[in-house]
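Undergrad:
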Amino acid sequence: MSEVKLEDIVSLAKRRGFIYQGSEVYGGLSGTWDYGPLGVSLKRNIMNAWWQTFVDSRDDMYGVDAAILMNPNVWKASGHVDTFTDPLVECSNCKGRFRADHLEGDKCPNCGKTGTFGEARQFNMMFKTNVGPVDDDKSISYLRPETAQGIFINYKNVLDSFYPDLPFGIAQMGKAFRNEISPRDFIFRSREFEQMEIEYFVQPDKWQESFDALLADIHEFLKSLGLPAESIHELEVPDDDRAHYSKRTIDIEYDFPIGREELLGLAYRTDFDLKNIQDNAGKNMEYTIKGTNDKFIPHVIEPSFGVERMIMAVLTSAYREDEQNGEKRIYLALPEHLAPVKYAVSPLLKNKPELVAKAREVYDALKKKHGNVMWDDNGNIGKRYRRQDEIGTPYCVVIDFETLDDDTVTIRDRDTTEQKRIAITDLE
Ligand code: ATP
């Protein structure tokens, strides 16, 4: 387990405008979270880093962005309508409902009584909705509980447009919805969240090498987000716990403040999904090796990342406390490419128009170049540093009277708090 406390992260996230409870003014909506100005930047930076690593920098990956609402046959064929369930129990005393496999013993976590749970029943986690103006069985559709199926139903489209050689992958990032029985642990278990998934299509007898290569790529990516290797663990999911169609699954677990829990999964799904589509949609899903008559349904390796869990892991690994001049300091040691703000620019004194004007000049130039630059002239310099430390800004730039003479500024490093005098032209 991480030394960092969950409440410290939740409180910083709210105080500094990263993440708020969804619909908070109305008392909230359980399992939903809203991203504030800094949260949305952090989230986008993580998602952009993922896309850059797994799609843009490779030539074996294709991106898609499928509709969230899909033909309900997608979820029948995939098995979600029948089996995307969690075991639900109800307490006969307080009527509280709980996920049976998350309970410890037979004591109700709500009212504390024991022996009040009835038989567990299977609860389907898909959110149902109706598409179109008629509210009947024929119009039922579902909010997608994973992004993966949006990829599978476009496999043939990508094949026909791009003729990729095997192995190749299709990637998608976007919202997923699960009616979790008990959402909990901040954003870790939400009802609305985002996923970043890849379906990597391979020749059946070559799945192992792609599985190993993707596993190595995943570790590289986690390292680039600043997650320490000692907090990352591979769990080889045993036969009994794996989905029946999966021949091998590794859960990548992380030492969160709530304990060691799943961060993402890597699964070898055989030809289960494409075969189901072929059988149910009646469309041929086979791949023909170029220049041969060798035809088969490709097998699939699926890396499946949850964005919220990545955010929580990044915040956990970046959260630091130390002492500066006898005072406790909190800071986020975020890697530069994830920090919501890269530079904060301040005039030393905000009531000196000449300093403000010069600082504006520096700010405008940096902003034009980097975008994620913040103007901060609130409170004294010490307060500004504290605030910027808490949101993980790597560099604070201060414009003072010396700047007016020699075009140099003070630049302060977040992690070491060291200050240096450098020329404005060297700021980059
Ligand atoms: P868990 O066992 O924790 O419920 P899962 O095995 O059902 O997760 P998958 O179906 O494998 O999860 O989904 C892939 C990834 O999506 C997970 O590794 C996780 O990062 C993310 N994820 C799944 N459910 C949630 C959720 N309710 N809230 C946030 N992220 C989620």
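According to the numbering used here, the sequence shown is numbered sequentially starting from 115.
Where a beta carbon is used, it is the ideal one built from N, C-alpha and C, also for glycine.
Please read all numbers here as calculations on a predicted model, not as lab measurements.
(1) Looking at the ligand ATP, does it come within less than 7 Å of Leu143, judged from the CB to the closest heavy atom?
(2) Hey, which unbroken runs of the alpha helix (DSSP H) at 4 residues or more fall wholly within the region 273-348?
(3) Between which two residues does the alpha helix (DSSP H) carrying Tyr509 extend?
(4) Can you tell me whether Asp436 is helix, strand or coil according to DSSP?
(5) Looking at the structure shown, is Gly193 part of a helix, part of a strand, or coil, going by DSSP?
(6) Does the ligand ATP have a heavy atom nearer than 7 Å to the CB of Leu120?
(7) Going by other Cβ atoms of all chains shown within 10 Å of its Cβ, with 16 needed for buried, is Pro186 buried or exposed?
(8) Thinking Ile411 and Asp393 are a contact (beta carbons under 8 Å), I'd like their distance in whole angstroms, please.
(9) Any heavy atom of the ligand ATP closer than 7 Å to the Cβ of Gln309?
(10) In this structure, how does DSSP classify Pro201 when only helix, strand and coil are distinguished?
(11) At what residues does the beta strand (DSSP E) containing Lys442 begin and finish?
(12) Would you mind reading off the limits of the alpha helix (DSSP H) that contains Leu463?
(13) For Arg303, which residues from the same chain have a beta carbon less than 7 Å from its beta carbon, with the 5 sequence-adjacent residues on both sides left out?
(14) What does the Cβ neighbour count give for Thr363, buried or exposed, with the cut at 16 atoms within 10 Å?
(15) Relative to the C-alpha of Gly405, which residue among Lys242, Asp279 and Ser192 is closest?
(16) For a test of your reading of the model: does the CB of Arg423 fall under 7 Å from any non-hydrogen atom of the ligand ATP? Yes or no.
(17) With a Cβ-Cβ cutoff of 8 Å, do Met310 and Trp164 count as a contact?
(18) Sort Ser360, Lys289 and Met426 by Cα distance to Glu376 and report the nearest one.
(19) At a cut-off of 7 Å, is Leu378 close to the ligand ATP when judged by its beta-carbon and the heavy atoms of the ligand?
(20) What residue range is occupied by the uninterrupted alpha helix (DSSP H) comprising Arg528?
(21) Should Asn244 be labelled buried (16 or more other beta-carbon atoms within 10 Å of its own) or exposed?
(22) Provide the residue span of the alpha helix (DSSP H) that contains Glu125, from first to last.
(23) Can you tell me whether Ile301 is buried or exposed? The criterion is at least 16 other CB atoms within 10 Å of its CB, across all chains shown.
(24) Below 8 Å, how does it come out for the region 459-471 and the region 490-503: are there three or more Cβ pairs, yes or no?
(25) Anyone know if the C-beta pair for Phe325 and Tyr176 falls short of 8 Å?
(26) Just to confirm my understanding: we take Asn238, look at its own chain, exclude 5 residues before and 5 after, and list those with CB closer than 7 Å. What are they?
(27) Figure out for me which residue from Asp170, Asp503, Tyr314 and Lys464 has the closest Cα to the Cα of Asp387.
(28) Alpha carbons only, please: which of Thr402, Ile538, Asp299 and Thr524 is nearest the one belonging to Ile123?
(29) Looking at the structure shown, is Lys484 part of a helix, part of a strand, or coil, going by DSSP?
(30) With burial defined as no fewer than 16 other Cβ atoms inside 10 Å of the residue's Cβ, what is the status of Thr507: buried or exposed?
(31) Take every Cβ of the region 506-525, pair it with every Cβ of the region 475-494, and state whether three or more of those distances are shorter than 8 Å.
(32) Let's test the definition: count the other Cβ atoms within 10 Å of the Cβ of Glu422 and tell me whether it reaches 16, buried, or not, exposed.
(33) Enumerate in chain order the residues of its own chain whose CB-to-CB distance from Lys389 is below 6 Å, with the five nearest sequence positions on each side excluded.
(34) Between which residues of its own chain and Lys128 is the CB-CB distance below 7 Å, once the five residues before and five after are set aside?
(35) So, under 8 Å CB-CB, Ile346 and Ile366 are touching, yes? Tell me the CB distance rounded to an integer number of Å.
(36) Could you pull out every residue in the same chain whose Cβ sits closer than 6 Å to the Cβ of Arg526, ignoring the five residues on either side in sequence?
TA: According to the structure shown:
(1) no
(2) 321-338
(3) No alpha helix (DSSP H) holds Tyr509; the beta strand (DSSP E) holding it covers Tyr509 to Ile513.
(4) strand
(5) coil
(6) no
(7) buried
(8) Not a contact, Cβ separation roughly 10 Å.
(9) yes
(10) strand
(11) Glu441 to Leu446
(12) No alpha helix (DSSP H) holds Leu463; DSSP gives it neither H nor E.
(13) Glu294 and Pro297
(14) buried
(15) Asp279
(16) yes
(17) yes
(18) Met426
(19) yes
(20) That residue, Arg528, is in no alpha helix (DSSP H); it is neither H nor E in DSSP.
(21) exposed
(22) Per the sequence shown, the amino acid found at residue 125 is Ser instead of Glu. Run containing Ser125: Leu120 to Arg129, per the alpha helix (DSSP H) assignment.
(23) buried
(24) yes
(25) no
(26) Phe198 and Thr199
(27) Tyr314
(28) Asp299
(29) Here the sequence assigns His to residue 484, which means Lys is not the residue at that position. His484 falls in the helix class under three-state DSSP.
(30) buried
(31) yes
(32) buried
(33) Ile411
(34) Tyr134
(35) 6 Å
(36) Cys510 and Gln533
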